[in-house]
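Have a look at the structure below before the remarks.
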Amino acid sequence: MKLAERYDIAAPIYDRTAWVLSLGGIDKLHPALVAGLELSGKTVADLGCGTGLAFPALIEAIGPSGRVIGLDNNAAILAKAEKRVTEHGWNNVKLVVDDIATTPLLPDIDVVFSCIAMSCVPDPSEKLDELLGNLKPGTVVRIIDALPRTRGFGFRAINGYNFLKSFIVGSHYKKLEPFERVFRERLSNVVVDSVHGGMYTRLTGVKA
Ligand SMILES: C[S@@+](CC[C@H](N)C(=O)[O-])C[C@H]1O[C@@H](n2cnc3c(N)ncnc32)[C@H](O)[C@@H]1O
């Protein structure tokens, strides 16, 4: 089944399913997206925003003068995000149907976020390389994804679980190393750490 068809089916139940499949980790991922960053007044992109589960954390962090661009290539999923935006009365959120791999909007963004979405893109580290190349200097980039690790408590069990999960969610279970290499080649001040007991990896950097 194609990824788009999978997310068409998942749209009505995504929020609950994400909680179950992440073993409760989804609640930690979005606070971890914004943690430690100075985001007040910034324009931030959420690539592969899904139903907008990260928006509450983003909206709080950017404040009233900031803007969120939520991008996703699945219209059914984005309709759920639209509903969330309308219900909360957020007038500083713009939703865009587009592909992460080819979107032209990135040069105008201050901060690029992507949470468990980059691994859905075929050849993710190659696409990430192109994407980071298009950013303006000073852009902050933070990605959180389920990427295999080679160390840390229980990493083999976590890798096994994430590998099996990738068949359900339709992601490409790629190694951490190519992502980290692209971050280190394209960005400065790179930090790689983990979220939810090592189940997810967070990569942060700044375009020099
Ligand atoms: C696992 S969900 C994550 C949603 C959200 N970021 C979150 O934290 O809940 C992955 C999302 O990425 C989107 N996606 C997958 N491939 C994409 C692509 N090439 N371009 C844009 N969005 C994509 C899917 O439609 C889906 O909404």
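Letter 112 of the sequence shown, counting from 1, is numbered 114 in the numbering used here, and no numbers are missing.
Cβ atoms here follow ideal geometry from the backbone N, Cα and C, with glycine treated the same way.
In this text the structure is predicted, and so the values were computed from the model without any measurement.
Quiz item: What did DSSP end up calling Gly162 once you bin it into helix, strand or coil?
Solution: Numbered from its first residue, the sequence shown carries residue 162 at position 160. Residue state, collapsed to three classes: helix.
Quiz prompt | Three-state class that DSSP yields for Val123 in the structure shown | solution = As a position in the sequence shown, residue 123 is number 121, starting the count at 1. In the structure shown, Val123 sits in coil (DSSP, three-state: anything other than H, G, I, E or B).
Quiz item: Among the residues of its own chain, which have a CB less than 8 Å from the CB of Ala13, if the five just before and after it don't count?
Solution: Position 11 of the sequence shown, counted from the start, is the residue given in the question as residue 13. If we look at Ala13 and ignore the five residues flanking it on each side, its Cβ neighbours are Thr53, Asn76, Ala78, Ile79, Ala81 and Lys82.
Quiz prompt | Pick from Gly65, Gly207, Ala6 and Lys4 that is closest to Pro139, judged by C-alpha positions | solution = Stepping through the sequence shown from its first residue, residue 139 is reached at position 137. Cα-wise, what sits closest to Pro139 is Gly207.
Quiz item: Using a threshold of 6 Å, is the CB atom of Asp74 nearer than that to any non-hydrogen atom of ligand 1?
Solution: Taking the first residue of the sequence shown as position 1, residue 74 is located at position 72. Yes, the beta carbon of Asp74 sits closer than 6 Å to at least one heavy atom of ligand 1.
Quiz item: Buried or exposed: where does Met201 fall if 16 or more other Cβ atoms within 10 Å of its Cβ makes it buried?
Solution: As a working note, residue 201 is residue 199 in the sequence shown. Per the 10 Å Cβ criterion, buried.
Quiz item: Considering only the beta carbon of each residue, do Leu35 and Cys122 sit closer than 7 Å?
Solution: Residue 35 sits at position 33 when you count from the first residue of the sequence shown. Residue 122 sits at position 120 when you count from the first residue of the sequence shown. In this structure, Cys122 does not lie closer than 7 Å to Leu35 by Cβ.
Quiz item: Lys1 to Trp92, Cα distance in whole Å?
Solution: In this structure the chain extends from 3 to 210, so residue 1 is not present and cannot be described.
Quiz item: Taking C-alpha atoms, which residue in Arg8, Arg186, Thr141 and Ser190 lies nearest to Val113?
Solution: Translated into positions along the sequence shown, residue 113 becomes position 111. Closest option to Val113, Cα to Cα, is Thr141.
Practice problem: In the DSSP assignment, find the unbroken beta strand (DSSP E) run with Arg209 in it and report its ends. | Solution: Against the sequence shown, residue 209 aligns to sequence position 207. The sequence as given places Lys at residue 209; Arg does not occur at that position. Counting along the chain, the beta strand (DSSP E) containing Lys209 begins and ends at Tyr202 to Lys209.
Quiz item: Is Ile216 helix, strand or coil when you go by DSSP?
Solution: Residue 216 lies beyond the residue range present for the chain, which begins at 3 and ends at 210; the question has no answer from this structure.
Quiz item: Is it the case that the Cβ atoms of Ala6 and His32 are separated by a distance below 7 Å?
Solution: For the purposes of this step, residue 6 is taken as residue 4 along the sequence shown, with counting starting at 1. For the purposes of this step, residue 32 is taken as residue 30 along the sequence shown, with counting starting at 1. Going by C-beta atoms, Ala6 is not nearer than 7 Å to His32.
Quiz item: With burial defined as no fewer than 16 other Cβ atoms inside 10 Å of the residue's Cβ, what is the status of His90: buried or exposed?
Solution: The residue given as residue 90 occupies position 88 in the sequence shown. Classification for His90: exposed.
Practice problem: Would you identify the three-state DSSP class for Ser116, choosing helix, strand or coil? | Solution: For the purposes of this step, residue 116 is taken as residue 114 along the sequence shown, with counting starting at 1. Here Ser116 sits in strand by DSSP.
Quiz item: Can you pull the DSSP bridge partners for Thr45?
Solution: Along the sequence shown, one-based indexing puts residue 45 at 43. Thr45 is bridged to Arg69.
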